[in-house]
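Visitor:
Number of protein chains: 2
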Amino acid sequence: MNLKQLSQLLGLSQTTVSRALNGYPEVNAETRQRVLEAVRETGYRPNRAAQRLATGRAGSIGLVMPTADSIESDVHFGEFLAGLGDEAVKHDFHFVINPSPPEEETATCRRLVASGNVDALFLAYMREKDPRIAMMKSLKTPFVVHGRSIGIPTDYPYLDIDNTGAFYDAARLLAQLGHRHFALINGPDYLTFSIRRTKGTMRALAEHGLTLRDDCISNSQMTDEHGFRAMERFLQLETPPTAVLCSSTVMALGAVRAINQAGLKLGSDISLIAHDDVLPMLKPENFMVPLTTTRSSLRAAGQRIARRLIADILQIETLPQQELWKTDLIVRASTGPAPSGK
Amino acid sequence: MNLKQLSQLLGLSQTTVSRALNGYPEVNAETRQRVLEAVRETGYRPNRAAQRLATGRAGSIGLVMPTADSIESDVHFGEFLAGLGDEAVKHDFHFVINPSPPEEETATCRRLVASGNVDALFLAYMREKDPRIAMMKSLKTPFVVHGRSIGIPTDYPYLDIDNTGAFYDAARLLAQLGHRHFALINGPDYLTFSIRRTKGTMRALAEHGLTLRDDCISNSQMTDEHGFRAMERFLQLETPPTAVLCSSTVMALGAVRAINQAGLKLGSDISLIAHDDVLPMLKPENFMVPLTTTRSSLRAAGQRIARRLIADILQIETLPQQELWKTDLIVRASTGPAPSGK
DNA sequence: CCCAAAATTCAAAGCGCTTTGGATTTCCTT
DNA sequence: AAGGAAATCCAAAGCGCTTTGAATTTTGGG
Chain A
12 MNLKQLSQLL GLSQTTVSRA LNGYPEVNAE TRQRVLEAVR ETGYRPNRAA
62 QRLATGRAGS IGLVMPTADS IESDVHFGEF LAGLGDEAVK HDFHFVINPS
112 PPEEETATCR RLVASGNVDA LFLAYMREKD PRIAMMKSLK TPFVVHGRSI
162 GIPTDYPYLD IDNTGAFYDA ARLLAQLGHR HFALINGPDY LTFSIRRTKG
212 TMRALAEHGL TLRDDCISNS QMTDEHGFRA MERFLQLETP PTAVLCSSTV
262 MALGAVRAIN QAGLKLGSDI SLIAHDDVLP MLKPENFMVP LTTTRSSLRA
312 AGQRIARRLI ADILQIETLP QQELWKTDLI VRASTGPAPS GK
Chain B
12 MNLKQLSQLL GLSQTTVSRA LNGYPEVNAE TRQRVLEAVR ETGYRPNRAA
62 QRLATGRAGS IGLVMPTADS IESDVHFGEF LAGLGDEAVK HDFHFVINPS
112 PPEEETATCR RLVASGNVDA LFLAYMREKD PRIAMMKSLK TPFVVHGRSI
162 GIPTDYPYLD IDNTGAFYDA ARLLAQLGHR HFALINGPDY LTFSIRRTKG
212 TMRALAEHGL TLRDDCISNS QMTDEHGFRA MERFLQLETP PTAVLCSSTV
262 MALGAVRAIN QAGLKLGSDI SLIAHDDVLP MLKPENFMVP LTTTRSSLRA
312 AGQRIARRLI ADILQIETLP QQELWKTDLI VRASTGPAPS GK
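For the record, the sequence lines run as chains A and B.
Take the first sequence: its letters are residues 12 to 353, numbered as in our numbering.
Take the second sequence: its letters are residues 12 to 353, numbered as in our numbering.
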């Protein structure tokens, strides 16, 4: 069933039916009713490809998903996607997900936009001097970056959380509690959020006359296993850290296991603060020793970005082009004063 | 830059250029070279919407993602998606993800197909007598179900793991080890995989003259928190279970925590077997007490389903329409003989 | 050197929808 | 009752690509 058939059925022109469906004013109220009625009965659905070709709009937002056999799936990606979904469904948008090996990401983005398949693009997993930003600026397709790059002008639309601030706050608290030996279990070193978190940590330490030793930083994918290994390594140092910052509750899981295994008490022998993306799967308050965290909902970020993207496309509202969200520092039992021995 | 402009630039007709690009035989090798060269220089990309309209093919596979503010994102979804992505990227396919509140899933599927936006559909989160299957069979769009329904003829394309068998094997092992009191921490009760897992467990128990008490079954979303709560509840029964089956390593995480908290030793006081979807984020061998598991890679399932879907669309190969994968039962330290006291 | 067959290339007809520019009716004002 | 504005509705022109049917050029055999 297509427009032509439907209009013949109704004895109307395609023009009128199309207008009736898309809410244009120049159509008789009664006629519109008849059209809507017929649509309900026939189950007619406009062909999106045709619609897209005619309007140039696609009703969808694109994202490229980094993937490869060797790449581990990222819990955080799913959670973020859920947020995008919440908002997208309200406006009948969908996503076009284009998987891509990471090294071809820029090209994949470009292709995705050029294909006319998407009205807007979402960019994540930002790196230093990320080439995707310049590329997107050169096109006229709206886009929003989740995170921010480093080393290039910050004149593009983004939504980021204050990673520097979050880890600064966390490190400062631990320093105030008397801790002297710090460690950081961070995400991949080529991603900007990791870089900022390292910076925030170092800044706080510097203010207290402390430093973060190289062998007390771990960069890796954010999995339980890497968290465990990193912590295990830290604990074997001659002066092991008593204060640990961790970029994800998933990694904290492994870290805590290593701590227990070493026979140490979390919250007294060693303090830990993790960043909490509010993954429903894993809540910091449910840890055996509830975790002190810096918190910011990934899902909320997804919702917000979808909303901004859609607002851009549909021109329905004007939202700020740049947003930097503060994180909450929530103190629970995993942090305590530095053990007196050291 | 579109086809028309490109062909004018080359002094050729659109027809010839189109054919050169799509690998048709009736075009001079030299001409084809010139065309490809020009494409490289101009960066021309065919407009997918137009292509789709003309061919009827979309180059994409659709899936509806259950979502709502109240719904928790599912780790397993992300992992599966990664699998789909691995395979899709090889054939330059992408996904169209249509978020939908669960109660409208059938309608959303129908709309997605009718929109002409997808060449094939992927169905998951199967329920009993799932209406989506009948609906998809009535359309001619290829589809593959991940899982199987219950209570309707099994004459549709699916890929499922042998959930019944997996939990049968697991329960039998525990029974053979002398356990008498069982519990099951399962997924949502309306999903068929949960139903089958319950069935498999009960069957094994029955063969040993045992039963699974109602208050020893927990059905919930598969999160750490629910695992913890369920186990906590079990341990408060007058005769607590000594053998526990668990539908996900994520829930096992919480369950193990509850066990530790109760001062019990996993593997001696209480035995636990979890189903392992091979989530890179959380490996059963890394648990403090490594977990005995039934294993089947979710990501591999995603890859396989994508491959079948694409094979269906492109008619490149003929793959089996129905597949039931056996799971591996891998024994680690979390299982041991029933404690002699009981 | 001529003619049929093979190899290339092209013009034009859609695919299903939106939208422009007009045509036709209806309604109101004077 | 006439004239003009408002309200409705319509025919037709694209959107950018694929594909059919035909035209043109090359090739090969007699």
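Beta carbons are placed, not taken as given, at the ideal position from N, Cα and C, and that holds for glycine.
Quick caveat, the model's predicted, so the values are computed rather than measured.
Tell me whether the beta-carbon of B/Glu8 lies closer than 8 angstroms to the beta-carbon of B/Arg318.
Guide: Absent from the model: residue 8 of chain B. The displayed extent of chain B is 12 to 353, so no value can be given.
Visitor: Identify every residue that forms a DSSP beta bridge with B/Phe154.
Guide: Along the second sequence, read from residue 1 onward, the residue named residue 154 of chain B stands at position 143. Partner(s): B/Leu132.
Visitor: Taking 8 angstroms as the threshold (C-beta atoms), are B/Thr260 and B/Gly211 in contact?
Guide: In the second sequence, the residue the question calls residue 211 of chain B occupies position 200. In the second sequence, the residue the question calls residue 260 of chain B occupies position 249. In this structure, B/Thr260 does not lie closer than 8 angstroms to B/Gly211 by Cβ.
Visitor: Between the segment 259 to 279 of chain A and the segment 206 to 223 of chain A, are three or more C-beta pairs nearer than 8 angstroms?
Guide: Verdict: no, contact absent.
Visitor: Please check if any C-beta of chain A sits within less than 8 angstroms of the C-beta of B/Asp235.
Guide: Position 224 of the second sequence, counting from 1, holds the residue named residue 235 of chain B. B/Asp235 counts as touching chain A.
Visitor: So B/Val342 is in the alpha helix (DSSP H); what residue range does that whole segment cover?
Guide: Walking along the second sequence from the start, residue 342 of chain B turns up at place 331. That residue, B/Val342, is in no alpha helix (DSSP H); it is neither H nor E in DSSP.
Visitor: Determine whether the beta carbon atoms of B/Gly73 and B/Val107 lie at a separation below 8 angstroms.
Guide: Along the second sequence, one-based indexing puts residue 73 of chain B at 62. Along the second sequence, one-based indexing puts residue 107 of chain B at 96. In this structure, B/Val107 lies closer than 8 angstroms to B/Gly73 by Cβ.
Visitor: Please list, in chain order, the chain A residues whose beta carbon lies closer than 7 angstroms to that of B/Thr78.
Guide: Here residue 78 of chain B corresponds to residue number 67 of the second sequence, with the count starting at 1. Those are Ala93, Gly96, Asp97, Val100, listed as they occur along chain A.
Visitor: In chain order, which beta strand (DSSP E) runs of at least 3 residues are fully inside the segment 26 to 105 of chain A?
Guide: Fully enclosed beta strand (DSSP E) runs of 3 or longer: 71 to 77.
Visitor: I want to see whether chain B comes within less than 8 angstroms of A/Gly265, judged by CB atoms only; does it?
Guide: Looking up residue 265 of chain A in the first sequence gives position 254. A/Gly265 counts as touching chain B.
Visitor: Give a yes or no on whether 8 angstroms exceeds the smallest Cβ distance from A/Ser111 to chain B.
Guide: Working through the first sequence from its first residue, we reach residue 111 of chain A at position 100. It does; some Cβ of chain B falls within 8 angstroms.
Visitor: Just curious, the beta strand (DSSP E) that A/Phe193 is in, first and last residue?
Guide: Taking the first residue of the first sequence as 1, we reach residue 193 of chain A at position 182. From DSSP, the beta strand (DSSP E) with A/Phe193 extends over 193 to 197.
Visitor: Hey, would you say the C-beta of A/Pro251 is under 7 angstroms away from at least one heavy atom of the ligand ATP?
Guide: As for the ligand ATP, it is missing from this structure, which has no ligand bound.
Visitor: Going by DSSP, what residue range makes up the alpha helix (DSSP H) through A/Asn174?
Guide: Taking the first sequence and counting its residues from 1, the one referred to as residue 174 of chain A is at position 163. That run of the alpha helix (DSSP H) goes 174 to 187.
Visitor: Closer than 7 angstroms by beta-carbon distance: list the chain A residues that pair up with B/Met299, in chain order.
Guide: Along the second sequence, one-based indexing puts residue 299 of chain B at 288. Result: Arg268, Asn271, Gln272.
Visitor: Thinking C-alpha only, which one of B/Asn128, B/Glu296, B/Asn271, B/Pro331 is nearest B/Ile341?
Guide: For the purposes of this step, residue 341 of chain B is taken as the residue at position 330 of the second sequence. Out of B/Asn128, B/Glu296, B/Asn271, B/Pro331, B/Glu296 has the C-alpha closest to the C-alpha of B/Ile341.
Visitor: Relative to chain B, which residues along the segment 118 to 129 of chain A have a C-beta separation below 7 angstroms, given in chain order?
Guide: So the close ones are Arg122, Ala125, Ser126, Gly127, Asn128.
Visitor: Name the residue from B/Gln326, B/Arg121, B/Ile281 whose alpha carbon lies nearest to the alpha carbon of B/Leu134.
Guide: Translated into the one-based positions of the second sequence, residue 134 of chain B becomes position 123. For the residues B/Gln326, B/Arg121, B/Ile281, the minimum Cα distance to B/Leu134 belongs to B/Arg121.
Visitor: Report yes if the CB atom of A/Arg268 is closer than 8 angstroms to the CB atom of A/Phe239, and no otherwise.
Guide: As a first step, residue 268 of chain A is located in the first sequence; it is residue number 257 there, counting from the start. As a first step, residue 239 of chain A is located in the first sequence; it is residue number 228 there, counting from the start. It is a contact, given that the beta carbons lie within the stated cut-off.
Visitor: Determine the DSSP secondary structure at A/His286, reduced to helix, strand or coil.
Guide: If you number the first sequence from 1, residue 286 of chain A lands on position 275. Residue state, collapsed to three classes: strand.
Visitor: Can you tell me where the alpha helix (DSSP H) holding A/Leu14 begins and where it ends?
Guide: For this step, residue 14 of chain A is matched to residue 3 along the first sequence. 14 to 21 is the extent of the alpha helix (DSSP H) around A/Leu14.
Visitor: A/Gly198 versus chain B: which residues are under 9 angstroms apart at the beta carbon?
Guide: For this step, residue 198 of chain A is matched to residue 187 along the first sequence. Neighbours of A/Gly198 on chain B: none; closest Cβ ~13 angstroms, over 9 angstroms.
Visitor: When you compare the segment 246 to 257 of chain B with the segment 274 to 283 of chain B, are there three or more beta-carbon pairs, one atom per stretch, that lie closer than 8 angstroms?
Guide: Yes, they touch.
Visitor: With 8 angstroms set as the bound, which would you pick, yes or no: does the beta-carbon of B/Met292 sit closer than that to a beta-carbon of chain A?
Guide: Taking the second sequence and counting its residues from 1, one reaches residue 292 of chain B at position 281. Yes, contact with chain A.
Visitor: Does DSSP put A/Val124 in a helix, in a strand, or in coil?
Guide: The residue labelled residue 124 of chain A in the question sits at position 113 within the first sequence. A/Val124 falls in the helix class under three-state DSSP.
Visitor: Since B/Arg306 meets chain A, which of its residues come closer than 7 angstroms, beta carbon to beta carbon?
Guide: For the purposes of this step, residue 306 of chain B is taken as the residue at position 295 of the second sequence. Residues of chain A passing the Cβ test: none, with the nearest at roughly 16 angstroms.
Visitor: Looking only at its own chain, which residues have a Cβ that is under 8 angstroms from the Cβ of A/Gly347, when we skip the five neighbours before and after it?
Guide: By one-based count along the first sequence, residue 347 of chain A stands at place 336. So the qualifying residues of the chain are Leu188, Gly278, Ser279, Ser282.
Visitor: In the DSSP output, which residue or residues are listed as bridge partners for A/Thr305?
Guide: Here residue 305 of chain A refers to the residue found at position 294 of the first sequence. Its beta-bridge partners are A/His286, A/Leu340.
Visitor: Helix, strand or coil: how does DSSP classify A/Pro348 here?
Guide: Residue 348 of chain A sits at position 337 when you count from the first residue of the first sequence. Of the three classes helix, strand and coil, the one that applies to A/Pro348 here is coil, per DSSP.
Visitor: How many angstroms separate the CA atom of A/Leu14 from the CA atom of A/Asp180?
Guide: The residue labelled residue 14 of chain A in the question sits at position 3 within the first sequence. The residue labelled residue 180 of chain A in the question sits at position 169 within the first sequence. Answer to the nearest angstrom: the Cα atoms are 60 angstroms apart.
Visitor: Residues of chain A with CB closer than 8 angstroms to the CB of B/Asn58, please, in chain order.
Guide: Numbered from its first residue, the second sequence carries residue 58 of chain B at position 47. Within chain A, the residues near B/Asn58 are Leu64, Ser126, Gly127.
Visitor: If you follow the alpha helix (DSSP H) that B/Asn230 is in, where does it begin and where does it stop?
Guide: What you label residue 230 of chain B is simply residue 219 of the second sequence in a count that begins at 1. B/Asn230 -> not in any alpha helix (DSSP H); beta strand (DSSP E) instead, spanning 228 to 230.
Visitor: Against chain B, with Cβ distances strictly below 8 angstroms, would A/Phe239 count as a contact?
Guide: Here residue 239 of chain A refers to the residue found at position 228 of the first sequence. So yes, A/Phe239 belongs to the interface.
Visitor: Report the neighbours of A/Phe133 on chain B: residues whose CB is nearer than 7 angstroms to its CB, in chain order.
Guide: Residue numbering aside, residue 133 of chain A sits at position 122 when the first sequence is read from its first letter. Simply none; closest approach about 12 angstroms.
Visitor: Can you tell me whether A/Asp85 is buried or exposed? The criterion is at least 16 other CB atoms within 10 Å of its CB, across all chains shown.
Guide: Counting from 1 along the first sequence, the entry for residue 85 of chain A is found at position 74. With 16 or more Cβ atoms within 10 Å of its Cβ, A/Asp85 is classed as buried.
Visitor: Under the DSSP definition of a beta bridge, which residues are partnered with B/Glu236?
Guide: Locating residue 236 of chain B in the second sequence gives position 225, where the first residue counts as 1. The partner list for B/Glu236 (beta bridge, DSSP) is empty, contrary to what the question assumes.
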